[in-house]
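Below is one structure, written out as C-alpha cells; comments come after it.
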Amino acid sequence: MKFPGLELRCISLCAALLFVGMFSMTAMSHAEEKEPSGKLRHVVVFKFKDSATAKDIEKIEKAFGELPSKISQIKEYEWGTNNSPEMLDKGFTHCFLVTFASEKDREIYLPHPEHKKFVALLGPYLDEAFVIDYWAK
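Just so we're aligned: the sequence shown equals residues -31 to -1, 1 to 106 in mature numbering (1 follows the signal peptide of the UniProt record, and there is no 0).
Quick look at the structure:
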C-alpha cells in the first residue's frame, strides 16, 4: 500500500532533525566557551591639555585613585607617570591600570555612576586618552 506524499514528509522530517541537531551542537559549543582565566586588564593612558595645572592633574590622580573604593568590581588598581627614555610617549604622561575578574565586571564599571562622575571631572583637563583592554596571559 502506498501513501501519497509519505516520501516527501520523511525527507522533510529528516532535514528538520538534522537542522535541530546541528543547532543544538552549535549552541552547546557556545555554552562551553568561557571567559579566559586570568585577569582582565583595562589600560588607560592620558595626555593632559597644556592648560591643565599641576593642581588640576593631582585632582584627577586622586579622583581616579578613589574609584576602587567606590566600585567593587575593580579588583586591582595601579598607576604611574611616564619615565621612558625612548621619547615615544607622544605627550601621554599618565598610565592607569584597572583590573577586573570578568567582562561582566567591566560592563558594570563602564556605565557606573562613579566612573561617569570621574569622566566628567576629567573632561576639561584631558587632551587625549588611549584605552586598551586585554586578558593577562
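Yeah, the Cβ is synthetic: ideal placement off N, Cα and C, and Gly gets one too.
Residue environment for residue 50: exposed (fewer than 16 other C-beta atoms within 10 angstroms of its C-beta).
Using a C-beta cut-off of 8 Å, the segment 87 to 99 makes no contact with the segment 40 to 49, since fewer than three inter-stretch Cβ pairs fall below that distance.
Nearest to residue 59 by C-alpha distance, out of 9, 36, 31, 17, is 17. At a Cβ-Cβ threshold of 9 Å, residue 8 and residue 69 count as neighbours. Between the alpha carbons of residue 73 and residue 79 lies a distance of about 10 Å. C-alpha of residue 37 to C-alpha of residue 88: approximately 15 Å in a straight line.
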